[in-house]
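Our numbering applies: residue 5 is where the sequence shown begins, and numbers increase by one.
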Amino acid sequence: MSSLKVSLFLIGASGFIGGTLLTSLLSRDDIDRFDIIVLIRGEERAALIRDKLGLKTVVADLSDYEVVSAAAEKADVVINTANSDHPAGARAIIEGLTKRKAKTGKTGVYIHSSGTGALTDNAKGEYKSEKVYDDERVEDIQAIPVDYVHRSCDTVISAAGATGDIRSYIVMPPLIYGRGTGPFHRTSVQIPALIRSALKLKQACYYGKGLPWWNGVHVQDLTNLYLILLDDALSANPKAPHGADGFYFCPTDSFEWKQLAHEIGTRLYGEGAIFTAETRPFATEEVEDALGTWAAFAYGSNSRSKAIKAYKLGWKPAHGDASDGLFESIIPEYRAALEEGKDQAPIVHFDEMYALNKK
């Protein structure tokens, strides 16, 4: 890249991942190297970004194809943490970066948030799968049907990257935990929903038999991986695989859903928040109210992955099974749930549900 400022178009800064990433960017010693433009919905939030953080904004969302494409065309780097199941938005970004290359000869960078929801099965809480995806075996990832969760975006992005029109990287986090640091949304989805359901039912519960396994990653460790990919892409000699090979897993924790319920129950009981530390399965009539319409997918499936590429690039997560990991986040997440409202409805990513229902 040239000595001029790097134009970075950030999509999703009002969210959990994107907000934390924005905070991390703004705290860098070399922040003056970047000219950050934020895509954000709503003038009120945009005004806060401009007035409090001194950043430029584009008031729109991913559905505003022409606006997104035009903004991407002006950017050296696009980072999209907003929606993993919005192929039209992904195409708008690709179109803008492709036009930019045609005009300037410069290959733009696209770092995209996907997720290991793409790896899920239909276990419905009944069994543990031994299948563990490895991000150096991209053929296993590419074999997942294009109409499954996240894949409609991932395939479009990796294909565009393979042509050389853009330099693409797809980050696939598992369950994300920890407190975010962004200007708006600072909590994740799955752990808060399980905590709120325990508070409502006065007991921690699990879906089906609770036997499937998932992985987790702390939000700060996740955003640090984005920064590693960003720095590598902007370096004189990028090393990180991209395009068709540019898929990145980042698990640091492994857990069984029943085990997670036990940890939530034990900790909330210790706080005096529920009446017993014992756990049980959700009753059929409780599931949707407690976890939302995607319960079997988000809380009853297997989704197991192994990070190899990130570590080779120097990623050094500070959290995980060995230290300050997922289970240690439960009480801070519990306190956040109380601050935000313990009766808040569970978050459901309906774009993901649409992809699931097409199966």
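A virtual CB, placed ideally from N, CA and C, is assigned to each residue, including glycine.
Because the structure is a prediction, the values reported are computed rather than measured.
Residue i versus the options, residue with shortest Cα-Cα distance
i, options, result
"GLN207", "GLY276, LEU233 and PHE251", "GLY276"
"LYS132", "PHE20, LEU234, ASN228 and ASN219", "ASN219"
"SER229", "THR185, ILE170, TYR315 and PRO285", "With the sequence shown as reference, residue 229 is identified as Leu, and Ser is not the correct amino acid for it. Measuring from the Cα of LEU229, the nearest candidate turns out to be TYR315."
"ILE170", "ILE83, ASP257 and LYS105", "LYS105"
"GLY324", "TYR69, GLY296 and PRO255", "PRO255"
"GLU130", "LEU226, LYS346 and LYS213", "LYS213"
"ASP138", "ALA311, ARG190 and GLU290", "ALA311"
"TYR69", "ILE199, ILE98 and ALA50", "ILE98"
"GLU289", "GLN146, ALA244, LEU205 and PHE331", "LEU205"
"ARG190", "THR24, ILE115 and ALA79", "THR24"
"ALA16", "LEU30, VAL42, SER31 and SER28", "The question names Ala, but residue 16 is Gly in the sequence shown. The residue with the shortest Cα to Cα distance from GLY16 is VAL42."
"ARG45", "GLY58, VAL72, ASP39 and SER28", "VAL72"
"ILE334", "VAL10, LEU226 and ARG271", "ARG271"
"HIS353", "ASP144, ALA299, PRO321 and TYR252", "ALA299"
"LYS78", "ILE21, THR124 and PHE13", "PHE13"
Collapsed DSSP secondary structure at residue i in the structure displayed
i, result
"TRP298", "coil"
"MET357", "With a pLDDT of 49 at MET357, under the threshold of 50, the modelled position of this residue cannot be trusted; read the value that follows with caution. Three-state DSSP puts MET357 in a helix."
"MET5", "Residue confidence for MET5 is low, a pLDDT of 47 falling below 50, so the modelled location carries little weight; the figure read from the coordinates is stated next. In this structure, MET5 counts as coil in the three-state DSSP scheme."
"ILE15", "strand"
"TRP217", "strand"
"PHE279", "coil"
"ALA50", "helix"
"ARG104", "helix"
"GLY165", "helix"
"ILE44", "strand"
"LEU179", "strand"
"ARG339", "helix"
"ASP138", "strand"
"THR120", "helix"
"LYS363", "Low confidence applies here, because LYS363 scores a pLDDT of 45, under 50, leaving its location unreliable; read the following figure in that light. Here LYS363 sits in coil by DSSP."
"ALA349", "coil"
"SER28", "helix"
Beta carbon of residue i nearer than 9 Å to that of residue j
i, j, result
"ASN306", "TRP217", "yes"
"ALA202", "GLY119", "no"
"GLY109", "GLY100", "no"
"SER54", "SER18", "It should be pointed out that residue 54 corresponds to Arg in this sequence rather than to Ser. No; because the gap between Cβ atoms is not below 9 Å, this pair is not in contact."
"ASP89", "SER162", "no"
"ALA96", "ALA76", "yes"
"LEU179", "ALA244", "no"
"ILE40", "LEU59", "yes"
"GLY93", "PRO336", "no"
"TYR338", "ILE199", "yes"
Strand pairing of residue i, partner residues [DSSP]
i, result
"LEU272", "Its beta-bridge partners do not exist; DSSP assigns none."
"GLU260", "TRP217"
"VAL63", "ILE44"
"HIS222", "TYR181"
"PHE253", "MET176"
Any chain B beta carbon closer than 9 Å to residue i
i, result
"PRO177", "The displayed structure is made up of one protein chain only, and chain B is not part of it."
Evaluate contact between the segment 279-291 and the segment 253-269, counting only Cβ atoms and requiring at least three cross-stretch pairs below 8 Å. yes
Segment contact flag, the segment 194-201 with the segment 233-240, C-beta cutoff 8 Å, min 3 pairs: no
Determine, using beta-carbon pairs with one atom in the segment 61-70 and one in the segment 141-155, whether at least three such pairs fall under 8 Å. no
Is it a yes or a no for the segment 164-179 touching the segment 28-37, going by three-plus beta-carbon pairs under 8 Å? no
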